[in-house]
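*Asks:* Taken in order, these protein sequences are the chains called F and E.
Just so you know, the first sequence maps onto residues 1189 to 1469 in my numbering.
Just so you know, the second sequence maps onto residues 3 to 179 in my numbering.
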Amino acid sequence: MRRAKLYKVLRKHPYLLDPRIRMSKREALSLIDAQPRQDFKEVIASAKERSKLGDCAWRAADNVVARQVRRHTFFNALRTPWFRRIAIAAAAICIISVFFTLTPVGRTWAAEVKLYSVEILHGTLSVEYEDSGITAKPSFVPNLFDLSNRSGAHSIVYASLKEFAEQKKLNPVMVYDVGVQLERIEGETYSFGEALLTVYRLPTDAVLLLRQSWAECKMTAFSSDQTEYWHYAADEGYELYYRTDSDDTFSAVAVLNDSYVLIGSNKPVDADWLMSAFIIP
Amino acid sequence: METLEKLLAVYSNNLRELRAAAMTVVCNADEAEDIIQDTIIKLVTHPEKCVNVSNPLAYLRTCVRNEAVDYLRRNGREIPTIDETLNRIKHTGDEQFEYSDDLAWVRECVDNLPSDMKEVLIRNAVDGWTIPELAKEMGIPPKTLYDKVSRLKKKIRTNYASMLTVIFLFMLANLCS
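In structure tokens, the structure reads:
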């Protein structure tokens, strides 16, 4: 038998060693806890009455009681390690909350953090915060054709881009060329800003979708680790990253000064043509 | 005086456990309360005994238990036998009781121990003294106590192995028949 097992049996059945110990500590504790008992101060008071000893003899006990009473006041409770930890954590939470809600810098940071955490357009484009600003990073080919799944968006159909521009005071981009038809204009209001979905039909019968998003922070560029999968082109006022996948679908991201545009098509699109037809107001 | 104060501080922080230590002997909560007070009175009356206490909590557990035993003696209470205690526990149903082979074997094993070794085991297993602290408290060289405990452990291991062998052979014989 191992020592631990022997000691476990002895603790459970201490009367095997000494018949005067008639129950285990566990059983005794359960009986003790069944009724409220005196605290140390009351125990000392009762002991004083029974002993008839002088006050001098009880000085040490009185000191311990006094220390206990002091410990139970609020400011002395601050000295205990657990209370101190809770107080520090609460203070830290308060300071952080005040910083992010009341100060201008904090509010800007909060907006950036929020933007960082939100998966814009359902994960098609993740946005990261860097020193130079916000970096758009396409994590996979945007599936702009899935119009049914846009939770959290409040969408309104507009008759024209001009109507949207007037109402929202924003400048939407457009694709303009002979034979290109603008089929649908839908504005979306997200928690992080406004977005505009435009659907074009090209002469090749390809459907071209543009989703322009005005985030609260300035867009700059793709992160370098993603650029190898995307072709890059730049024109006045914007940068374009595009690619054609094995299933002939086309996707692109145009980064503008005040917004970014996700572009998707169900058929291959000539990038040069797109840049020539892409009109920035 | 300062040592007494430290000891009383430990006492106040472990009041529940020390009450339980008294309760294990007297089996009555009100009497346990009296013992708790009597122990404090003794500590306060003889502060010189509180110096050089290496393990305050274990010391207080032992003090309370000894005070409880004195209380029983003073009040002329009979000490029940082990069988009576086992029967009480079996019938009160307060605790899940299993009179296992291990319990029977431990009982047989500790029955044959000398009284000083029983005291060492109680203080070590129940009160929480370490062997060097116990040696200091009992005024014997630590090595002597270590040797005694080692011999005891060895004996327990050997006897337990023999018991398991007997049980195994008994089961084997039953299977064969």
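In this text, a Cβ means the ideal position worked out from N, Cα and C, and glycines have one as well.
Please decide whether valine 46 of chain E counts as near chain F, where near means a Cβ-Cβ distance under 8 angstroms.
*Replies:* Yes, valine 46 of chain E counts as interfacial toward chain F.
*Asks:* Going by CA-CA distance only, name the one from F:His1419, F:Arg1295, F:Gly1375 that's closest to arginine 1399 of chain F.
*Replies:* Looking at the Cα atoms, F:Gly1375 is the closest of the given residues.
*Asks:* Start and end of the alpha helix (DSSP H) containing leucine 1370 of chain F?
*Replies:* Premise fails: leucine 1370 of chain F lies in the beta strand (DSSP E), 1369-1378, not in any alpha helix (DSSP H).
*Asks:* Any beta carbon from chain F within less than 8 angstroms of alanine 137 of chain E's own beta carbon?
*Replies:* For alanine 137 of chain E, the answer is no, since every Cβ of chain F falls outside 8 angstroms of its Cβ.
*Asks:* Any chance the stretch 118-137 of chain E sits against the stretch 1194-1203 of chain F, with 3 or more Cβ pairs inside 8 angstroms?
*Replies:* Because the criterion of three Cβ pairs below 8 angstroms is met, the stretch 118-137 of chain E and the stretch 1194-1203 of chain F touch.
*Asks:* What are the residues that DSSP puts in a beta bridge with glutamate 1427 of chain F?
*Replies:* DSSP lists F:Ala1422, F:Val1443 as partners of glutamate 1427 of chain F.
*Asks:* Going along chain F, which residues have a C-beta under 7 angstroms from arginine 109 of chain E?
*Replies:* Within chain F, the residues near arginine 109 of chain E are Leu1204.
*Asks:* Identify the contact partners of isoleucine 1232 of chain F in chain E, using a Cβ-Cβ distance below 8 angstroms as the criterion.
*Replies:* Ordered by position in chain E, the residues that pass the 8 angstroms Cβ test against isoleucine 1232 of chain F are Ile42.
*Asks:* Is there contact between the stretch 105-123 of chain E and the stretch 44-60 of chain E, where contact requires at least three CB pairs shorter than 8 angstroms?
*Replies:* As far as the Cβ criterion goes, the stretch 105-123 of chain E does not touch the stretch 44-60 of chain E, which means the pair count is below three.
*Asks:* Using 8 angstroms as the limit for Cβ to Cβ distance, is alanine 11 of chain E near chain F?
*Replies:* Closer than 8 angstroms: yes.
*Asks:* Starting from the C-beta of valine 66 of chain E, find all residues in its chain whose C-beta is less than 6 angstroms away, skip the five residues before and the five after it, and write them out in chain order.
*Replies:* Leu20, Ala23, Ala24, Thr41, listed in sequence order.
*Asks:* What separation, rounded to the nearest whole angstrom, lies between the Cα atoms of alanine 11 of chain E and alanine 137 of chain E?
*Replies:* Rounded to the nearest angstrom, the two C-alpha atoms are 25 angstroms apart.
*Asks:* Of all the CB atoms in chain E, is at least one closer than 8 angstroms to the CB of arginine 1210 of chain F?
*Replies:* Judged by the 8 angstroms Cβ criterion, arginine 1210 of chain F is in contact with chain E.
*Asks:* Let me know the secondary structure DSSP gives isoleucine 1457 of chain F once reduced to three states.
*Replies:* According to the sequence displayed, residue 1457 of chain F carries valine and not isoleucine. Of the three classes helix, strand and coil, the one that applies to valine 1457 of chain F here is coil, per DSSP.
*Asks:* Along the chain, where does the beta strand (DSSP E) containing leucine 74 of chain E start, and where does it finish?
*Replies:* That residue, leucine 74 of chain E, is in no beta strand (DSSP E); its alpha helix (DSSP H) goes 58-76.
*Asks:* Since cysteine 65 of chain E meets chain F, which of its residues come closer than 8 angstroms, beta carbon to beta carbon?
*Replies:* Near cysteine 65 of chain E there are no residues of chain F at all, since even the closest Cβ is about 14 angstroms away, more than 8 angstroms.
*Asks:* For tyrosine 1388 of chain F, which residues from the same chain have a beta carbon less than 8 angstroms from its beta carbon, with the 5 sequence-adjacent residues on both sides left out?
*Replies:* Hits under 8 angstroms: Val1363, Val1368, Gln1369, Leu1370, Glu1371, Val1395, Leu1396, Leu1397, Leu1398.
*Asks:* Looking at chain E, is there any beta carbon in it that lies within less than 8 angstroms of the beta carbon of valine 1257 of chain F?
*Replies:* Not an interface residue.
*Asks:* Going by DSSP in three states, methionine 1362 of chain F sits in which element: helix, strand or coil?
*Replies:* Three-state result, methionine 1362 of chain F: strand.
*Asks:* State the Cα-Cα distance for the pair alanine 1351 of chain F and threonine 1377 of chain F, rounded to the nearest angstrom.
*Replies:* The sequence given here places glutamate at residue 1351 of chain F; alanine does not occur at that position. Each residue's alpha carbon lies about 15 angstroms from the other.
*Asks:* Roughly how many angstroms separate the alpha carbons of proline 1269 of chain F and asparagine 15 of chain E, rounded to a whole number?
*Replies:* Roughly 16 angstroms between the two C-alpha positions.
*Asks:* Take threonine 26 of chain E as the anchor and find which of E:Val46, E:Thr47, E:Ile91, E:Leu9 has the nearest alpha-carbon.
*Replies:* Nearest option by C-alpha distance: E:Ile91.
*Asks:* Establish whether the CB of lysine 150 of chain E and some CB of chain F are separated by less than 8 angstroms.
*Replies:* By this cut-off, lysine 150 of chain E is not an interface position.
*Asks:* Would DSSP call arginine 1295 of chain F helix, strand or coil?
*Replies:* If DSSP states are grouped into helix, strand and coil, arginine 1295 of chain F belongs with the helices.
*Asks:* Along the chain, where does the beta strand (DSSP E) containing alanine 1222 of chain F start, and where does it finish?
*Replies:* Here alanine 1222 of chain F belongs to no beta strand (DSSP E), and DSSP marks it neither H nor E.
*Asks:* Thinking C-alpha only, which one of E:Arg109, E:Leu9, E:Lys51, E:Gly78 is nearest tyrosine 1160 of chain F?
*Replies:* No information on residue 1160 of chain F is available, as it lies outside the stretch 1189 to 1469 that chain F covers here.
*Asks:* Suppose the cutoff is 7 angstroms on Cβ atoms and the five residues either side in sequence are ignored; what does the same chain contact list for lysine 1236 of chain F look like?
*Replies:* Excluding positions up to five away in sequence, the list reads Trp1246.
*Asks:* Going along the chain, which unbroken runs of the alpha helix (DSSP H) with 4 or more residues stay wholly within the stretch 102-165 of chain E?
*Replies:* Here the runs fully enclosed are 103-113, 117-123, 133-140.
*Asks:* So that I know if they touch, is there some Cβ in chain E lying closer than 8 angstroms to that of tryptophan 1270 of chain F?
*Replies:* It does not; no Cβ of chain E falls within 8 angstroms.
*Asks:* Kindly list, in the order they appear in chain F, the residues whose Cβ is closer than 9 angstroms to that of methionine 25 of chain E.
*Replies:* In chain order: Met1211, Lys1213, Glu1215, Ala1216, Leu1217, Leu1219, Ile1220.
*Asks:* Buried or exposed: lysine 1213 of chain F, going by 16 or more other Cβ atoms within 10 Å of its Cβ?
*Replies:* Answer is buried; the Cβ neighbour count reaches 16.
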